[in-house]
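These notes concern the structure reproduced below.
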Ligand SMILES: Cc1cc2nc3c(=O)[nH]c(=O)nc-3n(C[C@H](O)[C@H](O)[C@H](O)COP(=O)(O)O)c2cc1C
C-alpha cells in the first residue's frame, strides 16, 4: 500500500480507538479500583502475548513503525523511541505483547533482590483533575530470581531494560547492606537485559532515597563497577534535587562510565500547582501532567551537563507527540511513559510515533537523531 494511504489509515484507526477508549473503556475502568484494573490489564496482556494470532491482531490495532524513528542508543538498536516506563510491568509478564502495542522498548521492574509484597492498604490512586496517578506500591515485585526465570522464557523482539532497586525493608536502609542488595539483584539479572537501570530515586522506599546522597552513590556505583558489564547501565534520577546535588551525582556517575540518565521518577513535592485535587494522598509519588515540565527541565539540564558522554532518556507526563518532541529537542534520545497511556488509551504510543514523524518532517529533519537536544544547544 502506498505510504501516504497507509499513514491516513493509521491516523483514522487511532482516532477511532481514542474515541472508543475515552467514551467507553476509560469511564468504566475509572469506576474500578486502580490496582484491580491494573492487575487485570497485566493478566490480559500476558494472555494476548502468549498467542501469535492475538499478537498479530494487537499489532494491527496498535502498531506503527517508521524508519525515521530508528536509532542506535548506547550501542543498542531501538526501532522507535517510546518505551514503557518501569513500574507498569513489574514482574515481566508483558514482554511478548508490548512490541505489538507499538512500544520500541520496555523497562521491566523495578525488581529487587528479594521479593516484596508492597506497602499495605491502598497504594495506587487516580488524580483525574491533574491527569496524574499517585503511586505508593513501595517496590512490590516477585524478586530477582522469579523475574529472571520469566524473562528467560519470553520471546523478545524489542530491547528489554531491567530496572533494579533496593529491596524495600529495614535491613537495606543500612548503606552497606543496601549496596549488597543492589549488587545481588544486578547479578541475577544483568545477563538477561539489553540495558540495566539502577533506580536510585524511588520515593516510596524504607529510609527514603538514600542513594541520591553523593557518598552513598559513589559506594553503590563503585561496587557495581567491580561486576561484569554486558550492556549499558542507566541511572534513574529524581526531579527534586538542587542544581548542586544533581551536578555532583551526575559527575560521580559519569566517572563510573554510566551510559545514560532516565529523567525522571515520580514527583514528590506537594506544593506543585499542577496537583489540582484538594484531597491528594499524603503518601506516594505522582506521575503524569504535574511532572511533565519538571522532567523536561531536568532533561535539558542533564543533557547540557553530560556533553555527549552519556545519553538522556525522557520520562514524565508524555501524553502526545508534541510532549514527546519537546523532550527530544530538550535532549532525550529515548522516551518512556505510563500515565499518558492510561489517560489517552493504548493507541497513544502509535499516535506519538506517527506524530513525531510529522513534526520531524515539518522541521526539515531526516531522522530523530538530528533533533535530539537542538533546544539545549542554543
Ligand atoms: C503505577 C506506577 C508504578 C511505578 N513504579 C515504578 C518502579 O517500580 N520503578 C521506577 O523506576 N519507576 C516507577 N514508576 C515511575 C514511572 O516509571 C515514571 O517515571 C513516572 O510514572 C513518570 O512517567 P509518566 O508520567 O509517563 O507515568 C511508576 C509509575 C507508576 C504510574
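In the working numbering, the protein residues as written are 2 to 379. All C-beta atoms in this analysis are idealised placements derived from N, C-alpha and C, irrespective of residue type, glycine included.
Residue burial is scored here from C-beta neighbours: residue 243 has fewer than 16 other C-beta atoms within 10 angstroms and is therefore classed as exposed. Within 7 Å of the C-beta of residue 266 there is at least one heavy atom belonging to ligand 1. Boundaries for residue 113: no beta strand (DSSP E) harbours it, and the DSSP string shows neither H nor E there. Sequence-distant Cβ neighbours of residue 366 in its own chain, meaning closer than 6 Å and more than five residues away, are 372. Of 344, 326, 251, 351, the smallest CA-CA separation from residue 305 is found for 251. Within a 10 Å sphere around the beta-carbon of residue 13 sit fewer than 16 other beta-carbons, which makes this residue exposed. Judged by DSSP secondary structure, residue 350 falls within the alpha helix (DSSP H) whose first and last residues are 349–363. Under the DSSP assignment, residue 235 falls in the beta strand (DSSP E) whose first and last residues are 234–238.
In the DSSP assignment, residue 196 falls within the beta strand (DSSP E) that extends over 196–200. When the five nearest sequence neighbours on each side are left out, the beta carbons in the same chain lying within less than 7 Å of the beta carbon of residue 195 are those of 77, 160, 161, 162, 232, in order along the chain.
Taken through DSSP and simplified to helix, strand or coil, residue 261 comes out as strand. Between the segment 149–160 and the segment 176–186 there are fewer than three C-beta pairs closer than 8 Å, too few to call the two in contact. Taking a contact as a CB-CB distance under 8 Å, the pair residue 103 and residue 64 counts as one, their CB atoms being some 5 Å apart. In this structure, the C-beta of residue 168 stays at least 7 Å away from each heavy atom of ligand 1. Judged by pairs of C-beta atoms under 8 Å, the segment 345–359 touches the segment 320–332, as three or more such pairs exist. Counting along the chain, residue 127 sits inside the beta strand (DSSP E) bounded by residues 125–128. Bridge pairing for residue 78: 73 [DSSP]. Within the same chain, and ignoring the five residues on either side of residue 310 in sequence, the residues whose Cβ sits closer than 8 Å to its Cβ are 255.
Beta bridge pairing from DSSP links residue 315 with 264, 336.
Contact check for residue 149 against residue 189 passes: the beta carbons are separated by less than 8 Å. Fewer than three beta-carbon pairs drawn from the segment 323–341 and the segment 56–70 are found closer than 8 Å, and the two stretches are therefore not classed as touching. Excluding sequence positions up to five before and after residue 292, its CB lies within less than 6 Å of the CB of 268, 317, 318, all in the same chain and listed in chain order. Ligand 1 never approaches residue 114 closely enough for any of its heavy atoms to be under 7 Å from the residue's Cβ. Looking only at 113, 265, 197, 106, the smallest Cα-Cα distance to residue 85 is reached by 106. A residue is called buried when at least 16 other Cβ atoms come within 10 angstroms of its Cβ; residue 126 meets this threshold and is buried.
Contact between residue 288 and residue 134 holds, since their C-beta atoms are separated by about 5 Å, short of 8 Å.
For residue 154 and residue 376, the gap between their C-alpha atoms comes out near 42 Å. No Cβ-Cβ contact shorter than 8 Å links residue 339 with residue 357.
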